[in-house]
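Just below is one structure, and these are the notes that go with it.
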Amino acid sequence: MIRLAIIGTGGMANSHAGSFKAIKGCDVAACCDIAPGRAKAFAEKHGIPKVYADTAEMLKQERLDGVSIAAIDKAHAPTALLAIKYGLCVMCEKPLADNLRDARRMAEAARARKLITAVNFSYRNSPATQMAAKIVASGRLGRIMHVEGSYLQSWLVGKAWGDWHKSEAWLWRLSTRHGSAGVLGDIGVHLYDFASFIVGDIAALQCELKTFNKGRKRIGPYVFDANDSMAAIVRFNNGALGTLHASRWATGHANTVALRVYGDKGGLDINLDRPAPETLRICVGQDVDTNIWWPVKCPPVPTMYQRFVDAIKSGKQGQTSFEGGARVQAYLDASLKSSTNGGKLIGIKN
Ligand SMILES: NC(=O)c1ccc[n+]([C@@H]2O[C@H](COP(=O)([O-])OP(=O)(O)OC[C@H]3O[C@@H](n4cnc5c(N)ncnc54)[C@H](O)[C@@H]3O)[C@@H](O)[C@H]2O)c1
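Residues 0 to 349 in numbering that gives the first Met the number 0 are what the sequence shown spells out, letter by letter.
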């Protein structure tokens, strides 16, 4: 039995608890949150036996194989480094850290102790994502030339997910002092992982980040200085050129992630518009002459949670890792640097 603990018991932690508890041979033994009462209510909801308000205390008391970190972004690095000191395998929410230096420290610490790590890049749970990566790698689209990707949300305009003015879960996302890198760190991170997983690593990028006026500058301790929209031009290692953009101002899109990849033999179009069913279509062979697209059947794939548990059991690192998380963090840091330097082209050291 693999024994895990969940650290941070807010919104996303519900996916962690539900997913881990559904995996045979995996037990969520404890949970922890610094907000008074939150972990207790969460534990009752998910049937988790032990509750803590302090991670260090939990790690001292519990006999665990790993932890799953679903706390706010700023807490990822210190919490993961502590768990690694205890010799635990760690799955961490995205973004891996709030800066590249910390992300690399996390990856190095885990590597030194030969621990399994994972980053919850949840769009890899999608069968269409996994299939798209296989199609590109197979060469069926030929040499990849052009890529366009977007991640669109509307929660700064509409209330489909609740009123952002009234919920701490949205407010910290608008505030850099709470460790948020804005839309870039929140969903741009998914887009960078999603695009680079399918197309390949990024060699250089230019980016502009914009923080729009929201009618007021702050609510309580939350100062609204984090970016809301990003537009990036990226150059992939394989020579392809791409545009990637993300926004919280995209009316009509609760959560739409899309990517189009065009090669010299064909193209693919993937749309993960939730809750609508995801789609993957390709245009290849003779269809390139008539612009006809066909849906691709995508068999089920294991979730990131399942892959993490399997990796702990087998001792073999899974599809995501802190190294990979640090590579994506390099794209985030480069985006911030480019944006503060007027959209300058920034090379990525891989
Ligand atoms: N993979 C995905 O698709 C996805 C989706 C949503 C959120 N996330 C990520 O999950 C994390 C949590 O987001 P959320 O939406 O659940 O936010 P949330 O605000 O609902 O929950 C965060 C929780 O972390 C707790 N916390 C803060 N510092 C802590 C610490 N040092 N130790 C323990 N608990 C601490 C807070 O009290 C809060 O309960 C973020 O990193 C976010 O980027 C990922």
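Ideal Cβ placement from N, Cα and C applies to all residues, glycine included.
Quick caveat: nothing in here was measured; it's all calculated off a predicted structure.
Sequence-distant Cβ neighbours of Ala-310 in its own chain, meaning closer than 8 Å and more than five residues away, are Cys-88, Ile-115, Ala-117, Gln-316, Gly-317. With a minimum length of 4 residues, the unbroken runs of alpha helix (DSSP H) contained wholly in the segment 173 to 220 fall at 188 to 198. Leu-331 sits in a helix when the DSSP states are folded into three classes.
Short of 6 Å from the beta carbon of Glu-147, and not among the five residues preceding or following it, lie these beta carbons of its own chain, in chain order: Thr-242, Arg-259.
Between Cys-31 and Ala-4, the CB-CB gap stays under 8 Å. In this structure Pro-298 is exposed. Its beta-carbon is surrounded by fewer than 16 other beta-carbon atoms within 10 angstroms. Leu-183 sits away from Ala-333, with the two beta carbons spaced by 8 Å or more. At a Cβ-Cβ threshold of 8 Å, Ala-329 and Ala-106 do not count as neighbours. Judged by DSSP secondary structure, Phe-41 falls within the alpha helix (DSSP H) whose first and last residues are 37 to 45. When Cβ pairs closer than 8 Å are counted between the two stretches, the segment 282 to 293 is seen not to touch the segment 301 to 308, the count staying below three.
Asp-309: member of the alpha helix (DSSP H) spanning 303 to 313, first to last residue. DSSP places Val-300 in the coil class of the three-state scheme, outside both helix and strand. Contact check for His-189 against Lys-93 passes: the beta carbons are separated by less than 8 Å.
Burial state of Gly-86 is exposed, judged by a 10 Å Cβ sphere holding fewer than 16 other Cβ atoms. The nearest non-hydrogen atom of ligand 1 is less than 7 Å from the C-beta of Asp-185.
Membership of Val-146 in any alpha helix (DSSP H) is not indicated; the residue belongs instead to the beta strand (DSSP E) covering 143 to 151. With respect to the 8 Å criterion, Phe-193 and Val-256 are classified as neighbours on the basis of their beta carbons.
The beta carbon of Asp-224 sits closer than 6 Å to the beta carbons of Thr-175 from its chain, once the five residues preceding and following it are set aside; these are given in chain order. Rounded to whole angstroms, the separation of the alpha carbons of Arg-280 and Arg-247 is 26 Å.
For Ala-40, the closest alpha carbon among the candidates Asp-64, Asn-13, Arg-62 is that of Asn-13.
If you draw a straight line from the Cα of Thr-8 to the Cα of Gly-341, it comes to about 38 Å.
By the Cβ criterion, the segment 209 to 217 is not in contact with the segment 265 to 281, since fewer than three pairs of Cβ atoms, one from each stretch, lie closer than 8 Å.
Closest in C-alpha terms to Pro-77, from the list Lys-44, Ala-102, Tyr-191, Val-295, comes Ala-102. In this structure, Ile-143 sits away from Gly-65, with a CB-CB distance that is not shorter than 8 Å.
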